[in-house]
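full-length UniProt numbering puts the last residue of the sequence shown at 308; the count rises by one with no breaks.
For glycine and all other residues, C-beta sits at the position ideal for the given N, C-alpha and C.
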Amino acid sequence: MDYQAVLEEVAAFARPLVRHGRVADYIPALERVSADRFGMAVADIHGAVYGVGDWEVPFSVQSISKTFSLALVMAQSPGSHGEDGIWKRVGREPSGTPFNSLVQLEAENGIPRNPFINAGALVVTDRLQTLTGDASTSMLHFLREESGNPDLAFDQVVADSEAGHGDRNAALAHFMASFGNLENPVPSVIEHYFWQCSIEMSCRDLAVAGGFLARHGLRADGSRLLEAREAKRINAVMLTCGTYDAAGEFAYRVGLPAKSGVGGGIIAVIPGRCTLCVWSPGLDARGNSVAGAAALDHFTTLTGWSVF
Ligand code: GLU
């Protein structure tokens, strides 16, 4: 497969859609990003990386971090499979509600539907805090290591902006705490969650860092991060819950496990082949990058690769 040629063709297809949609502004600091950006990277399972457009420009990973915090919790609790560990405290069903919704939590006793809505990610961050003593720094080190980029950093302006507008996430955390589903104090959990979301990475960084998801849990150097069944589980939850309330549409159009973020990035996995990341800040009404989703759709159309 000539990845570079495919990426050029995908970029030409998606570029007219750049600037479509709206750049997220509910976290004010996200609004400073130019809507003109478009980048895409592919990291194959053998370690080769290809890119097009703004593929080396860092952006705010936001909810894409939820994939990696789940992986890190699994990696930190080996042998904690099945109904043990984190899956006692968070489900794995699509929510059918917006990513920051409170409505299901009361009826479902403070157990979030899945780890990729905010409530679920807060539980995962809480677990990581218990396991490591410093959830956000552990995440930063993990991402530096998996991406091979020692310069990855938090964006303090974004983290502060999110904290300043974080009433909804604080409400979710307090509500879950009232059901006994947090192990650490709410202020500490939400602070680590905001820091983790503020990490800046490029398409290149994210595609390389997510390589273990395409390698059935193995890192590029052959060492094992996760059991194959754990990588499968993360991919499965990405497919069913990773693109907000549009996961059905995304599976229909793209047919790959994927996780999006309100920074406009989306990572997607073709197990056994490669990990992709695309970025363009304009979001559709459900929070997914317009040009990014179209690019992934076109990539799977051109290559014929999907999980189906
Ligand atoms: N930090 C964002 C929030 O909690 C993440 C949102 C997202 O990317 O879905 O609101």
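Span of the beta strand (DSSP E), counted from its first residue to its last, around residue i
{"i": "Ala43", "result": "39–44"}
{"i": "residue 310", "result": "Outside the displayed span of the chain (1 to 308) sits residue 310, for which this structure offers no information."}
DSSP three-state assignment for residue i, whether helix, strand or coil
{"i": "residue 314", "result": "The requested residue 314 is not part of the displayed model; the chain covers only 1 to 308."}
{"i": "Met1", "result": "coil"}
{"i": "Val52", "result": "strand"}
{"i": "Ser260", "result": "strand"}
{"i": "Gly292", "result": "helix"}
{"i": "Ile270", "result": "strand"}
{"i": "Gly265", "result": "strand"}
{"i": "Arg22", "result": "strand"}
{"i": "Glu227", "result": "coil"}
{"i": "Leu102", "result": "coil"}
{"i": "Glu200", "result": "strand"}
{"i": "Leu283", "result": "strand"}
{"i": "Leu182", "result": "coil"}
{"i": "Asp220", "result": "In the sequence under discussion, the amino acid at residue 220 is Ala, which differs from the Asp named in the question. In the structure shown, Ala220 sits in coil (DSSP, three-state: anything other than H, G, I, E or B)."}
Cβ distance (whole Å) where residue i is taken to contact residue j below 8 Å
{"i": "Glu9", "j": "Leu302", "result": "6 Å"}
{"i": "Ile199", "j": "Phe154", "result": "6 Å"}
{"i": "Leu102", "j": "Leu172", "result": "6 Å"}
{"i": "Asp245", "j": "Arg286", "result": "5 Å"}
{"i": "Arg204", "j": "Trp55", "result": "5 Å"}
{"i": "Gly110", "j": "Ser34", "result": "Actually they are not in contact, since the Cβ atoms of Gly110 and Ser34 sit about 40 Å apart, beyond 8 Å."}
{"i": "Ala43", "j": "Val49", "result": "5 Å"}
{"i": "Pro94", "j": "Cys197", "result": "Not quite, the Cβ-Cβ distance comes to about 21 Å (not below 8 Å), so this is no contact."}
{"i": "Arg37", "j": "Val57", "result": "7 Å"}
Residue i and residue j closer than 8 Å at C-beta
{"i": "Leu152", "j": "Leu140", "result": "yes"}
{"i": "Gly272", "j": "Ile27", "result": "no"}
{"i": "Met74", "j": "Ser147", "result": "no"}
{"i": "Leu30", "j": "Ala291", "result": "no"}
{"i": "Gly282", "j": "Arg19", "result": "yes"}
{"i": "Asn288", "j": "Ile270", "result": "no"}
{"i": "residue 394", "j": "Ser138", "result": "This structure gives no information on residue 394, because the portion of the chain shown stretches from 1 to 308."}
{"i": "Trp195", "j": "Ser136", "result": "yes"}
N-terminal and C-terminal residue of the alpha helix (DSSP H) that residue i is part of
{"i": "Glu31", "result": "It is not in any alpha helix (DSSP H) - Glu31 carries neither H nor E in the DSSP assignment."}
{"i": "Asp126", "result": "118–132"}
{"i": "Ile175", "result": "Residue identity differs from the one stated: residue 175 is Phe in this sequence, not Ile. Residues 167–178."}
{"i": "Ser65", "result": "65–76"}
{"i": "Gly164", "result": "156–164"}
{"i": "Arg253", "result": "247–253"}
{"i": "Thr137", "result": "135–147"}
{"i": "Phe212", "result": "211–214"}
Quiz item: Does the pairing of the segment 177–185 with the segment 248–268 give three or more beta-carbon distances under 8 Å?
Solution: no
Quiz prompt | Inter-stretch contact (C-beta, 8 Å, three-pair minimum) for the segment 243–252 and the segment 190–204 | solution = no
Self-check item: the segment 206–222 touching the segment 161–180, judged by at least three CB pairs closer than 8 Å
Solution: no
Self-check item: Meets three-Cβ-pair contact criterion under 8 Å: the segment 111–120 and the segment 51–62
Solution: no
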